[in-house]
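Each remark here refers to the structure printed beneath this line.
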Amino acid sequence: MDNSSHVLLKVENLTVNYGAIRALRSVSFEVMQGEIITLIGANGAGKTTTLHAISNIIKKSQGAVIFDDVNISSMPPDKIVSAGLVQVPEGRRIFGNLSVRDNLEMGAYTRSDPIREDMEKVFVIFPRLKERIKQMAGTLSGGEQQMLAMGRALMAKPRLLLLDEPSMGLAPILVDEIFSVIKNINDSGTTVLLVEQNAYKALATASRAYILETGEIVKSGRAADLLKDEAVKAAYLGG
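Under my numbering, the residues of the sequence shown are numbered 135 to 373, in order.
This is the structure we're talking about:
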């Protein structure tokens, strides 16, 4: 069944102020079910702030976040996770002094149903995590830690996965691997909202994109079109 006409996430006039600084100004966009959407922009453009405001990790000054027709603007973050909207934070934030298995189990903390099958699914996507299941997460490589952070998020059975800079600090070969995993996760039914410094990779993977500059959306469209856009090339794709 094609659900792509269903709006899964609607962000309306999102504004965030840090004291006198306006970090986001009236940001509005939609994510349709089944899409990979990317937000691209320079450092400090407001990409992470947007994700945090959606997840209600930071306070909104105004605006609304509608997830699957429910207004979640004032819902506590753990309830937002239970509703199926799960964020993988920038910098991975895994529990370094816990094992890989324990980290994955922590991802399912909002659930009361059996999780074994979902852990097996995570191991199909990330075979390396299965090999290291008893290893302390802090001893994993950067790429493995990113896989663990994504695997942990998948344990919450997200319908929408928010990914914040998944390729940051990774070697190019691992960046390719992470992006092919993002595609796999999407192909298996999870909608993805991606914030990514690597604009080329993000646009090559996403179906649509929004470009943020100093807290405002300045351009949006099909990712394939934006890849060819001269202004976008000059600003974000190194020529």
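Idealized CB from N, CA, C, for every residue including glycine. Just so we're clear, the structure is a prediction, and the values are computed from it rather than from any experiment.
Of the residues the options, the one placed nearest residue i, counting alpha carbons only
{"i": "Thr348", "options": "Asn177, Leu143, Ile170", "result": "Asn177"}
{"i": "Ser301", "options": "Met289, Tyr152, Arg293, Met284", "result": "Met284"}
{"i": "Leu158", "options": "Ala358, Asp363, Val352, Arg356", "result": "Val352"}
{"i": "Leu142", "options": "Leu327, Gly276, Leu346", "result": "Leu327"}
{"i": "Gly230", "options": "Leu219, Gln221, Pro248, Thr273", "result": "Thr273"}
{"i": "Leu295", "options": "Gln167, Met209, Thr149", "result": "Gln167"}
{"i": "Pro292", "options": "Met209, Leu346, Gln221, Ile200", "result": "Gln221"}
{"i": "Val145", "options": "Ile206, Ile267, Arg156", "result": "Ile206"}
{"i": "Glu311", "options": "Ala290, Leu297, Gln280, Ser322", "result": "Gln280"}
{"i": "Ala242", "options": "Glu224, Glu265, Ile267, Ser216", "result": "Ser216"}
{"i": "His140", "options": "Leu238, Gly197, Ala187, Phe201", "result": "Phe201"}
{"i": "Leu304", "options": "Gly225, Ile188, Asp212", "result": "Gly225"}
{"i": "Asp203", "options": "Val150, Ala369, Glu164", "result": "Glu164"}
{"i": "Ala290", "options": "Ile171, Leu308, Ser246, Ser275", "result": "Ser246"}
{"i": "Ser341", "options": "Ile170, Glu278, Ala369, Ser162", "result": "Ile170"}
{"i": "Asp236", "options": "Val315, Ile267, Ile174, Glu278", "result": "Ile267"}
{"i": "Asn151", "options": "Leu361, Thr183, Val199", "result": "Thr183"}
{"i": "Pro211", "options": "Tyr370, Arg227, Gly197, Ile192", "result": "Ile192"}
{"i": "Thr339", "options": "Gln269, Val309, Ala365", "result": "Val309"}
{"i": "Val199", "options": "Ser160, Val256, Glu350, Thr172", "result": "Ser160"}
Start and end residues, beta strand (DSSP E) containing residue i
{"i": "Lys264", "result": "Segment 261-265 is the alpha helix (DSSP H) holding Lys264; no beta strand (DSSP E) there."}
{"i": "Glu364", "result": "First-last for Glu364: 364-370, but that is the alpha helix (DSSP H), not the beta strand (DSSP E)."}
{"i": "Lys181", "result": "Unbroken run through Lys181 is the alpha helix (DSSP H), 181-188; no beta strand (DSSP E)."}
{"i": "Ala343", "result": "342-347"}
{"i": "Ile171", "result": "170-174"}
{"i": "Ser354", "result": "350-356"}
{"i": "Ser160", "result": "155-166"}
{"i": "Lys144", "result": "141-152"}
{"i": "Gly303", "result": "Counting along the chain, Gly303 falls outside any beta strand (DSSP E), and DSSP gives it neither H nor E."}
{"i": "Ile192", "result": "Run containing Ile192: none; DSSP gives neither H nor E here."}
Endpoints, the alpha helix (DSSP H) within which residue i is located
{"i": "Asp310", "result": "306-321"}
{"i": "Arg286", "result": "276-288"}
{"i": "Met240", "result": "234-241"}
{"i": "Lys335", "result": "333-339"}
{"i": "Ile214", "result": "211-217"}
Chain D within 8 Å of residue i, Cβ atoms only
{"i": "Val256", "result": "Absent here is chain D; the protein component of the structure consists of one chain."}
Exposed unless 16 or more other CB atoms sit within 10 angstroms - verdict on residue i
{"i": "Arg250", "result": "exposed"}
{"i": "Ile155", "result": "exposed"}
{"i": "Asn137", "result": "The predicted model places Asn137 with a pLDDT of 47, which falls under 50 and marks its position as unreliable, so this point remains unresolved."}
{"i": "Met135", "result": "In this prediction, Met135 scores a pLDDT of 38, lower than 50, which makes its location untrustworthy; no coordinate-derived value is stated."}
{"i": "Ile345", "result": "buried"}
{"i": "Asp252", "result": "buried"}
Identified DSSP bridge partners for residue i
{"i": "Phe229", "result": "Answer is none; Phe229 lacks a bridge partner."}
{"i": "Asp298", "result": "Val329"}
{"i": "Ala271", "result": "Bridge partners of Ala271: none, in fact."}
{"i": "Phe201", "result": "Leu143, Val204"}
{"i": "Val258", "result": "DSSP output for Val258 lists no bridge partner at all."}
Q. Between the segment 332-347 and the segment 244-261, are three or more C-beta pairs nearer than 8 Å?
A. No, the segment 332-347 is not in contact with the segment 244-261.
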